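Protein chains: 2
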Amino acid sequence: MLPIEKLQSIIQQAFRDLALPDHPAELYDPIRYTLELGGKRLRPFLALASCDMFGGNIGDAVHPAIAIELFHNFTLLHDDLMDQAPLRRGRETVYKKWNPTIAILAGDTMFALANREILKTNKEAVLSVSDLFNLTAIEVCEGQQLDMNFEQRNDVTIPEYIEMIRLKTAVLLAASLKIGAVIAGAPEESARAIYDFGISIGIGFQLMDDLLDVYGSEEKFGKKPGGDILAGKKTYLYLKALQLSDQLDRSRLVSVYGSGKLPADEKIGTVRSLFDRIHIEDITRTEIDAYWKNAVSIVHSLNLPESQVQPLLGYCARLMERDY
Amino acid sequence: MLPIEKLQSIIQQAFRDLALPDHPAELYDPIRYTLELGGKRLRPFLALASCDMFGGNIGDAVHPAIAIELFHNFTLLHDDLMDQAPLRRGRETVYKKWNPTIAILAGDTMFALANREILKTNKEAVLSVSDLFNLTAIEVCEGQQLDMNFEQRNDVTIPEYIEMIRLKTAVLLAASLKIGAVIAGAPEESARAIYDFGISIGIGFQLMDDLLDVYGSEEKFGKKPGGDILAGKKTYLYLKALQLSDQLDRSRLVSVYGSGKLPADEKIGTVRSLFDRIHIEDITRTEIDAYWKNAVSIVHSLNLPESQVQPLLGYCARLMERDY
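Chains V and P are the protein sequences, given in the same order. Numbering-wise, the numbering used here puts 206 at position 206 of the first sequence, and it's gapless, one number per residue. Offset between the second sequence (1-based) and the numbering used here: plus 1000.
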């Protein structure tokens, strides 16, 4: 099995090798800018690590891995415009730095570029990989639409929220892993299992994200905690708190969370104290732990030697701050 | 060969058979709405007619034909938002009827749906069809970007304009035809020729569109003439007039065309009289005729029996108001 660092350097090299046209500059400059922002390259890593874990040829998975990252970055371009987010990874978002029409069009182009990269998958796997890729793209759009719907609703349930983050976040991680497995020629049952592993870690990651946004430290998390509270975002913590609080605290939470008038520190402080009262941090950690344990048990059910599952599982454990 | 009406009814049926999910309604209602607006279904027709002309099995071309129309409608959703166009085919555009984020996301979803339809192409053709489809998608985005760039520029040349409409409009018609040919298993040379035919009629169609916007009758064209002049759009007629006018008329044209203050009738009238002075209508008709003759000669070079080329050529002739 290849070590994590080796897989990461293959991904970096593949992005350097990606030859984008220069003209029209207004279209390709924003694409280059977006790809150069970097990020963890989590999804290509999952594709390569899964392919390697199932004994496939890593080289076969490089183009689809790049495709998935192109697709992911395309969704970020459009999401940032839809959410009117001025910054991403500390730099101006495309619609801010250029303009909204360029963000739309550069995104569309990236999706088409991604589909062309997918077509470079080895012949045996290309059709099923391409279909899974585009099915997943549809699901990610559905997830984003649900997320936008939830902004307007006050009766979102926890199962609805979990379904939304499954679509918006988890299916792309799951598809990355399954694509690696399919390319490696893994048995269908194993490919399905690694997809389910991806769903579980994907939902776990998002719950962790929700948690860190309230309880994370600024040094470690890279951004000031409380952003979701200030934006009134209906996260797992908020929905769970609504469910567990008594009637009085629930109405206080609803009114404070939805308020745009309170000073930032006061709003964050009040919500946190309402969260603390019902131990929302512990509850969320327990939930994340359940998703993680489920993921680990899925991988163990594959009955692969420890050395073979280590890079993938080790990497995910590190991200989840978990042992396995 | 199947008659035009038969091909059109196959396309209508295929759209009726397209099973879209219902949920989330905010995503799929706009997609249904867009597809139900109808339109000529020119691109699917070209794909089917080309497949039939080259002796292919029409059934093999239905899914890709639908894919192309899905893609085309996706670009309309995004273009209408970028151009802030309130109406399309006499009905509210999606971003107006719903909102901009829904127009973005419904469009993205349609592109993914289109790619899944493409994958239903027969096994022998699917990879080359899919690659051509996504390459074409990239080119269409490039064309739209050039179009937006031209709005900000005052030195657009006619070759640049032709290149823009080649990308924005003609390549998708050309790809529709080539996809039909590839599915029919036509020789590579013939597939390339029918692509070139598509480029020629595509550019011709767009020039005709530019012409009718100034000289068309409202009854026949379906909209009030003069829209491009009022919007100050750099069309073929405008660019050609700049090239052919003397210095005095050129500066008058530039200043009137760019003015947002003149009453509509006065602006249209003045520009038309400047156009008339250098016989821009005749010049444009001659140019369109050259593209049409080139297209016809390409089809004849295929050496197919007259009965075999009739549906495709007859349909295009009707659209171009031309004999062949």
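For every residue, glycine included, the Cβ atom is placed at its ideal position computed from N, Cα and C. All values reported here derive from a predicted model rather than from experimental measurement.
Residue i in three-state terms, based on DSSP
i	result
glutamate 1117 of chain P	helix
arginine 91 of chain V	strand
arginine 1041 of chain P	coil
arginine 1032 of chain P	helix
serine 245 of chain V	coil
glutamine 1013 of chain P	helix
histidine 1072 of chain P	helix
methionine 1001 of chain P	coil
lysine 1097 of chain P	helix
isoleucine 278 of chain V	coil
proline 64 of chain V	helix
lysine 6 of chain V	helix
threonine 1286 of chain P	helix
alanine 184 of chain V	coil
asparagine 1303 of chain P	coil
glycine 1143 of chain P	helix
proline 1159 of chain P	helix
histidine 1023 of chain P	coil
phenylalanine 150 of chain V	helix
leucine 1212 of chain P	helix
histidine 311 of chain V	The question names histidine, but residue 311 of chain V in the sequence shown is proline. Residue state, collapsed to three classes: helix.
alanine 1049 of chain P	helix
leucine 1135 of chain P	helix
glutamine 1206 of chain P	helix
Euclidean distance between Cα positions of residue i and residue j
i	j	result
isoleucine 1011 of chain P	aspartate 196 of chain V	38 Å
isoleucine 102 of chain V	glutamate 69 of chain V	19 Å
alanine 1295 of chain P	aspartate 29 of chain V	36 Å
alanine 1112 of chain P	leucine 135 of chain V	7 Å
glutamine 1144 of chain P	glycine 107 of chain V	13 Å
alanine 1065 of chain P	methionine 1001 of chain P	18 Å
glutamate 1124 of chain P	arginine 32 of chain V	35 Å
glycine 314 of chain V	threonine 270 of chain V	38 Å
glutamate 1156 of chain P	glycine 1226 of chain P	Reading off the sequence shown, one finds valine at residue 1156 of chain P, where the question assumed glutamate. Looking at the two C-alpha atoms, the distance is approximately 21 Å.
glycine 180 of chain V	leucine 35 of chain V	22 Å
glycine 258 of chain V	leucine 76 of chain V	26 Å
leucine 274 of chain V	lysine 233 of chain V	16 Å
glutamate 189 of chain V	valine 129 of chain V	16 Å
glycine 1056 of chain P	leucine 1119 of chain P	18 Å
proline 44 of chain V	serine 307 of chain V	21 Å
leucine 1127 of chain P	leucine 132 of chain V	15 Å
glycine 1204 of chain P	leucine 1042 of chain P	15 Å
leucine 1302 of chain P	methionine 1110 of chain P	35 Å
alanine 170 of chain V	valine 1182 of chain P	37 Å
asparagine 173 of chain V	valine 62 of chain V	Note that residue 173 of chain V corresponds to leucine in the displayed sequence, not to asparagine. Roughly 16 Å separates the two Cα atoms.
glutamate 1321 of chain P	leucine 1037 of chain P	24 Å
serine 9 of chain V	proline 3 of chain V	10 Å
cysteine 1316 of chain P	phenylalanine 1015 of chain P	22 Å
isoleucine 162 of chain V	leucine 1105 of chain P	21 Å
CA nearest to the CA of residue i, picked from the options
i	options	result
lysine 240 of chain V	V:Leu207, V:Ala114 and V:Leu87	V:Leu207
arginine 277 of chain V	V:Gln84, V:Thr34 and V:Leu248	V:Leu248
asparagine 1149 of chain P	V:Leu20, V:Arg318 and V:Ala25	V:Ala25
valine 1256 of chain P	P:Pro1159, P:Tyr1236, P:Ala1231 and P:Ile1280	P:Ala1231
asparagine 73 of chain V	V:Arg192, V:Arg89, V:Asp60 and V:Gly59	V:Arg89
glycine 1202 of chain P	P:Leu1253, P:Glu1151, P:Ile1004 and P:Glu1287	P:Glu1287
aspartate 1265 of chain P	P:Val1214, P:Pro1305 and P:Ala1137	P:Val1214
leucine 1304 of chain P	P:Ala1193, P:Met1082, P:Trp1098 and P:Gly1216	P:Ala1193
aspartate 17 of chain V	V:Gln152, V:Glu117 and V:Lys6	V:Glu117
Own chain residues within Cβ distance below 6 Å of residue i, not counting five before or after
i	result
leucine 1312 of chain P	Ala1049 and Met1053
aspartate 1282 of chain P	none
isoleucine 1158 of chain P	Leu1239
Cut-off 8 Å between Cβ atoms - residues of its own chain near residue i, not counting five sequence neighbours on either side
i	result
serine 1251 of chain P	none
threonine 284 of chain V	Leu207, Asp210, Leu211, Tyr236, Leu237 and Lys240
arginine 1166 of chain P	Gly1143, Ile1199, Gly1202 and Ile1203
Check: residue i C-beta below 7 Å from any heavy atom of the ligand PLP
i	result
arginine 1088 of chain P	Inclusion of the ligand PLP in the displayed structure is not the case, the ligand content being empty and no account of it being possible.
Test: residue i CB closer than 8 Å to a CB of chain A
i	result
cysteine 316 of chain V	Judged by its chain identifiers, the structure shown contains no chain A, and its protein chains are V and P.
Cutoff 7 Å; reference residue i; Cβ partners in own chain excluding five residues on either side
i	result
lysine 267 of chain V	Ile229, Leu230, Val256 and Ser259
isoleucine 280 of chain V	Leu237, Lys240 and Ala241
methionine 164 of chain V	Gly143, Leu146, Asp147 and Phe150
Using Cβ-Cβ distances below 9 Å, what residues of the stretch 76 to 90 of chain V are close to chain P?
-> His78, Leu81, Met82 and Asp83
Taking Cβ-Cβ distances below 7 Å as the criterion, which residues of the stretch 143 to 170 of chain V are in contact with chain P?
-> Gln144, Gln145, Leu146, Met148 and Asn149
Where the stretch 26 to 53 of chain V meets chain P: residues whose CB sits under 7 Å from a CB there = Contact residues of the stretch 26 to 53 of chain V toward chain P are Glu26 and Leu27 (C-beta to C-beta distance below 7 Å).
Where the stretch 1241 to 1264 of chain P meets chain V: residues whose CB sits under 8 Å from a CB there | none
Chain-ordered residues of the stretch 7 to 27 of chain V with a beta carbon less than 7 Å from chain P = Within the stretch 7 to 27 of chain V, the residues whose Cβ lies closer than 7 Å to any Cβ of chain P are, in chain order, Pro24, Glu26 and Leu27.
Closer than 8 Å, Cβ to Cβ, to anything on chain P: give me those residues from the stretch 108 to 122 of chain V, in chain order.
-> Asp108, Thr109, Phe111, Ala112, Leu113, Asn115, Arg116 and Leu119
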